[in-house]
Amino acid sequence: MNIYQNILLAKKEGKKLLAVLIDPEKIDLENIAIFFEKVHQSIATHIFIGGSTDENNQTENVVSEIKKTTHLPVVLFPGDVSQISEKADGILFLSLLSGRNPEYLIEQQIKAAPILKNIHIEILPTGYILIDGKKETATQKVSNTKPISQENVDLILNTALAGEFSGKKLIYLEAGSGATVPVHNSIINVVKKNLSIPLIVGGGIRSKEQLDITFNAGADIVVIGTAFEDDETFFEDLKK
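Numbered as in the numbering used here, the sequence shown ends at 245 without a single skipped number.
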């Protein structure tokens, strides 16, 4: 069973999934084994690897080291085509649907296509929607796009639906790394009720309480990154 089939099965069975997001620019390769001891004691089910930038080209090295350490699926969450590694298990093939910059709607995807055609990792077409988390994110700066206001629920919903109708297999609502305000549970709830594909939510989730609220609102997969970077003891709250 592949990654997407497992996600669909979890969705059908009502099992919630947690992805730990690792930024290649921020993790110390020497500490990966220790970090993953904590990951494996937690409820984490997936590892996402990526960041808005990777100036030192660390993605390949980080993926290699992590694959030596974990049995969990390792999925690329790339900022651009340079962050593709054939050593990963899968890739979120992202289209930034909330913006209108063609570079991140289709140009990066065209650049990635010949690479992905010739390597054997699972491709997960994903509609990526930036939501205003009350903090300017690296994704905004790099993509030169604006997030959608949390007050504009209709636009968020219609953007998500457009993603599904255009063939995306996943929709990702992202408040951004280190967001001050996570995606509101009412938004998650509305989008969830109207989609038939799995929903990923990330950004600004820093406590077990916020995680539970996000799951209960309807997220099938929650992504947490900054909270673990800032304080690895957060894993204690998420033990199996």
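For glycine and all other residues, C-beta sits at the position ideal for the given N, C-alpha and C. All values reported here derive from a predicted model rather than from experimental measurement.
_Whole alpha helix (DSSP H) elements within the region 9-83, 4-residue minimum_ = Runs found: 37-45 and 64-74.
*What residue range is occupied by the uninterrupted beta strand (DSSP E) comprising Thr131?*
For Thr131, the enclosing beta strand (DSSP E) begins and ends at Glu127 to Leu135.
*9 Å Cβ cutoff met for Ser90 and Ser103*: By the CB criterion at 9 Å, Ser90 and Ser103 fall outside the cutoff.
*Asn11: which of Pro78, Ala93 and Ile71 sits nearest, CA to CA?*
Among Pro78, Ala93 and Ile71, the Cα nearest to that of Asn11 is on Pro78.
*With Val186 as the anchor, note down where its beta strand (DSSP E) starts and where it stops.*
Per DSSP, Val186 belongs to no beta strand (DSSP E) and is neither H nor E.
*Ignore the nearest five residues each way along the sequence and tell me which others in Ala222's own chain have a CB closer than 6 Å to its CB.*
Sequence-distant Cβ neighbours of Ala222 in its own chain, meaning closer than 6 Å and more than five residues away, are Asn190, Ile193 and Asn194.
*Check whether the region 162-180 touches the region 202-219, taking contact to mean three or more Cβ pairs, one atom from each stretch, closer than 8 Å.*
The region 162-180 makes contact with the region 202-219; the number of CB pairs closer than 8 Å reaches 3 or more.
_Test item: CB-CB of Ile8 and Gly95 under 9 Å_ = It is a contact, given that the beta carbons lie within the stated cut-off.
*In the DSSP assignment, what are the bridge partners of Lys244?*
Bridge partners of Lys244: Ser47.
*asked:* Let me confirm a value: Gln46 is counted as buried when at least 16 other C-beta atoms fall within 10 Å, else exposed. Which label applies?
replied: Classification for Gln46: exposed.
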